[in-house]
Amino acid sequence: MLGSTAGALSIGAQPTIAADSALDCGVWYDGEITDSIDGDTFDVKVYSNSTTYNVRCLGIDTPEKSGNTRYEKTEEWEFIESITHLENWGNKASQFAKDELPVGTKCQVKLDCQSEEIDQYDRLLAKIRYDRDANGTMDTVWNELALKKGYARVYAASMSNTDEYLGHQESARANGNGVWGGADGSASEWRNNDVAQTFHPHTSSIKTTNGQVADSRVPVWTEPEAVQENTGSGTIDYSSGNIPIVGVDETNNLAYFGGVPINESWESDSDALEHFVFVTNLIDYLNNSTDPSGPVLVDGGHHTFNQDNAISGEDVAYYQRYLEGVGIELHSINSYGDSTGYSLSEARALIASSSPDAWTSSEINEVNTFISNGGAVILMGSGSESASERATLDDLAAGVGTDLRLNYDDVRDDTNNVGNRKLLKTANLNTTDFSLWSAYGSSSGGGTDESVIEFGTVNQYPHSTLNDEYVDVTNTGSADQDMTGWTLGNADGDTYSLPDNFTLTAGGTVRVHTGSGTDTTTDGDLYWGASMFQWDNDSDTASLYDDTGTLVRDVSWSLEDVIIPAIDAANEWVDFKNVSADSVDMTGWIVEDEAGNTYTFPSGFNLASDNTVRLHSGSGSDTTTDLYWGRSSSVWNNDGDTTYLYDANGNLVQKRTYPAPYSVSVTDMSLDGSTLNDEWVDVKNDGSSLLDMSGFTLEDSAGYTYSFPDSFTLSTGDTVRVHTGSGTDTITDLYWGRGSGVWNNDGDTAYVYDDNEVLAEKQASSNLGSSCGSKICVGQISEDGSTLNDEWVEFDNTGSSDQDMTDWSVEDSAGHHYDFPNNYTLTSGGTVRLHTGSGTDSSTDGDLYWSSGSAIWNNSGDTVYLYDSSGNLHTEKSY
């Protein structure tokens with residue numbers, strides 16, 4: 001249940017909010033909708049200052065629509081694991097928004113006095129209300145309506161009534177409204193392994209009010225190589241022994257961590273470690289009940305949102321997903337003792353972190369009551385937060401009666417870390433005094449026989465063939481494993497079933513290729529048989545399940561989104577651009593060319609969001625915009641080369657080859673269809689190998705952008721049609737998911753950009769022939785080729801039946817004449833390319849040859865005339 005009967009309490013002191021928007025918080029401003037972007041983003045013109053704001057609806061998040069699913073994080077959605085389900089409801093939410101708030105709708109916007117005004121993308125954070133019932137009163141708040149209808153989840157950032165919004169979400173989920181129809185309250189087990197190592201970022205050590213904390217109260221110490229830095233007069237010295245980074249007070253059902261290991265900011269650094277299991281076992285250990293129940297609540301009422309070294313309920317998506325896999329829910333709590341949202345009285349644990357706002361005495365009383373009723377409290381501090389923010393957590397500790405405190409230090413380890421000495425890992429666990437080291441729910445720490453099945457190499461990077469993408473699975477045990485009924489899956493929910501009677505021998509490895517081939521019966525090679533790449537290059541999870549559906553092993557990867565937008569071999573430089581939302585620490589990243597020359601980014605170099613740095617081959621003084629390799633000779637081959645970019649862990653983040661190793665073309669466009677899906681653009685792979693189009697985009701002249709799906713591939717010579725409306729993606733048809741038209745009926749230009757934002761193709765509709773009004777249309781024209789056969793004209797049969805082209809003819813403005821061969825057929829939907837030079841004619845579609853000894857089509861402009869078998873002009877096209 002939600003809520004409690006205690007008197008309402010306010011959250012901590014209000015922060016000082018920067019008035020970036022020129023609007024006052026708490027005031028409803030009149031305006032109107034000027035554009036509907038998706039379910040949670042609108043453009044709104046505010047009348048009082050005649051300013052149009054890009055408004056991100058405060059307190060809610062709708063699923064990403066088609067084309068944007070690479071930005072979706074399924075772990076944020078309670079008990080929903082299907083990206084396809086979320087994409088479907090993202091499209092529905094966008095359409096519902098357009099239907100409810102079409103352009104021109106009168107509305108009002110209001111800022112919340114507990115929230116920021118402008119987010120990192122320069123969007124106004126606000127609530128929107130409007131007159132939904134046409135009764136003359138603007139009494140429908142869109143943010144709340146979207147939650148109640150099930151089109152959105154709560155975005156649990158800093159807002160005055162977050163808990164009220166959580167109540168709306170819980171009701172929608174309980175009723176199965178909208179997107180919540182796909183949440184049945186259960187999730188597959190995920191990363192629930194025995195504890196070998198734990199993770200501790202930016203940690204301080206733990207002390208007591210009387211000095212060192214006793215070993216019997218410490219479940220986790222650092223490794224011996226760790227040191228205390230930034231100490232002061234009040235620092236308790238641990239130089240003569242292990243450094244405690246977690247302390248326990250069993251009398252008060254409380255544990256104090258020196259860092260925040262469950263913050264999702266550290267997911268890619270720590271996903272191979274078992275701190276989630278440790279934290280969860282510790283919660284149940286501290287809870288007084290022999291069978292703890294209820295959710296884990298994370299405090300968000302003290303402005304802890306979106307900080308690397310503190311947490312709100314919005315910052316722990318991966319820990320939430322772990323808990324769901326072992327049958328526990330996680331929620332945010334922003335106010336204490338009132339009747340909204342989730343209550344401490346129903347929780348098994350409260351997790352609180354360092355915060356800008358102090359806890360009030362009434363709030364501390366609520367926590368004390370919770371402890372006296374048996375609830376567990378986990379405090380998570382940091383060595384990197386300000387002194388005042390650390391003090392608020394120590395004040396809470398004092399208020400609930402524990403003697404544990406954060407020490408005055410930063411703990412660092414040059415040896416035992418995950419790529420940064422501030423991000424510690426440790427296997428120094430207290431197995432004498434604590435039994436917290438088995439997988440959650442397991443009575444023994446030995447695991448099962450299946451625990452010896454592990455992932456080896458995951459080769460998810462872009463490849464020329466499907467079988468070059470693979471996952472290795474290894475049996476590290478001493479007995480063979482029958483894998484009949486086992487499945488391998490990705491984060492999108494795509495699964496591969498291992499063959500019946502397949503055996504992975506002791507010490508053996510099987511390589512599961514994405515494409516097709518002949519399976520072996522033991523070890524060796526298996527083939528998924530997929531027609532598209534299955535593993536997302538940038539972010540994905542490979543999960544292996546046994547024949548009962550139990551998760552045996554998983555491995556995740558997540559790479560920073562840094563691209564290579566420009567290379568100038570002649571002037572010897574390469575540009576790197578951060579297209580992610582956050583700053584990227586590129587310390588230790590490596591650049592390499594095909595010859596193996598390497599450059600390492602300097603220590604402490606950070607590339608801000610949307611910023612670019614240029615790496616010069618020569619010497620100079622490094623800045624935030626220019627770095628210098630220090631070479632005395634050139635690096636980049638003028639005739640062609642490849643730039644590889646690796647992160648500090650050696651993962652390939654991006655590469656770019658020049659000249660471009662692909663060739664794509666826009667071959668046809670339909671600008672004005674009777675439905676949105678009759679409006680489309682055809683994109684063709686003209687290259688000689690399979691093309692991975694992950695990260696490619698399609699744009700119109702107005703800047704509307706469609707992103708090709710992750711791992712979408714286009715075989716050589718194949719064409720994919722991108723429809724404007726909604727539908728189910730296939731290898732031949734993709735769907736933009738728009739609620740309105742994109743392409744201008746009077747003419748438009750299609751732009752295709754690759755995954756480095758490099759223009760790969762630009763084609764004007766005037767050069768294409770899908771809307772000529774005749775059955776046979778003049779399509780694409782190449783009037784200036786290096787050979788006569790590189791000069792050509794295409795003809796498209798847009799009709800529903802084949803066309804016998806016997807006695808049909810083509811002419812240019814100068815009167816040069818060509819007759820189609822006898823019995824030549826242009827099939828329905830087919831295309832023929834008429835080359836100026838000589839060659840062997842096709843009998844249907846394909847290629848025909850004029851056999852002219854000189855060029856026909858004038859480079860400066862010409863007209864293509866097509867005549868039917870009676871000599872009548874069928875169609876013409878000028879350029």
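Going by UniProt numbering, the sequence shown opens with residue 1, and the numbers climb by one from there. Cβ coordinates follow ideal geometry from the N, Cα and C atoms, glycine included.
Under the criterion of beta carbons closer than 8 Å, Phe-370 and His-275 do not qualify as touching, at roughly 24 Å. In this structure Ala-648 is in contact with Gly-419, their Cβ atoms being roughly 5 Å apart against a cut-off of 8 Å. In the DSSP assignment, His-817 falls within the beta strand (DSSP E) that extends over 817-819. Residues of the same chain with a CB within less than 7 Å of the CB of Asn-230, apart from the 5 flanking positions on each side, are Asp-409, Asp-410 in chain order. Annotated three-state conformation of Phe-257 is strand, per DSSP. Assignment of Gly-182 by DSSP, reduced to helix, strand and coil, places it in the helix class. Between the segment 311-324 and the segment 256-273 there are three or more C-beta pairs closer than 8 Å, enough to call the two in contact. In the structure shown, Asp-647 adopts coil according to DSSP, grouped into three states. Inter-segment contact for the segment 89-106 and the segment 58-70 is present: three or more beta-carbon pairs are separated by less than 8 Å. Bridge pairing for Glu-794: Arg-833 [DSSP]. The residue from Ala-855, Asn-756, Val-864 with its alpha-carbon nearest to that of Ser-809 is Val-864. Straight-line measurement puts the Cα of Ser-289 at about 12 Å from the Cα of Ser-372.
Put simply, the segment 242-251 touches the segment 206-226. At least three CB pairs are less than 8 Å apart.
In terms of Cβ geometry, Ile-378 and Ile-283 form a close pair [threshold 9 Å]. Straight across, the Cα-Cα distance linking Ala-226 with Arg-412 is about 6 Å.
Taking 3 residues as the minimum length, the beta strand (DSSP E) runs contained wholly in the segment 267-328 are 296-299, in order along the chain.
When the five nearest sequence neighbours on each side are left out, the beta carbons in the same chain lying within less than 6 Å of the beta carbon of His-723 are those of Asn-677, Trp-680, Tyr-735, in order along the chain. The beta carbons of Ser-543 and Asp-554 sit closer together than 9 Å. Ala-352 is not a Cβ neighbour of Leu-406, given a cutoff of 9 Å. Three or more beta-carbon pairs drawn from the segment 70-85 and the segment 179-188 are found closer than 8 Å, and the two stretches are therefore classed as touching. Here the alpha carbon of Thr-787 sits roughly 31 Å from the alpha carbon of Asn-872. Of all alpha-carbon atoms in Ile-118, Tyr-165, Tyr-29, the one lying nearest the alpha-carbon of Lys-110 is that of Tyr-29. Residue state for Ala-172 is assigned as helix, using DSSP reduced to three classes. Asp-547 and Phe-708 have their C-alpha atoms spaced approximately 34 Å apart. In the DSSP assignment, Lys-98 falls within the unbroken alpha helix (DSSP H) covering 83-100.
Its chain contains Ala-156, Asn-334 as the residues whose beta carbon lies nearer than 6 Å to that of Thr-162, once the 5 sequence neighbours on both sides are disregarded; these appear in chain order. Separation of the CB atoms of Tyr-256 and Leu-297 is rounded to 18 Å, and the pair is thereby denied contact status at 8 Å. Per DSSP, Asp-746 lies in no beta strand (DSSP E) segment and is marked neither H nor E. Glu-314 sits buried, since 16 or more C-beta atoms from the chains shown fall within 10 Å of its C-beta.
Bridge partners of Ile-453 according to DSSP: Asn-475. A direct Cα-Cα distance of roughly 54 Å separates Val-584 from Gly-839. Rounded to the nearest angstrom, the gap between the Cα atoms of Lys-73 and Asp-61 is 11 Å. Contact between the segment 523-532 and the segment 494-514 is present: three or more C-beta pairs spanning the two stretches fall below 8 Å. Counting the other Cβ atoms within 10 Å of the Cβ of Val-27 gives fewer than 16, which makes it exposed.
Counting the other Cβ atoms within 10 Å of the Cβ of Ala-376 gives 16 or more, which makes it buried. Judged by their CB atoms, Asn-192 and Ala-439 are nearer to each other than the 9 Å cut-off.
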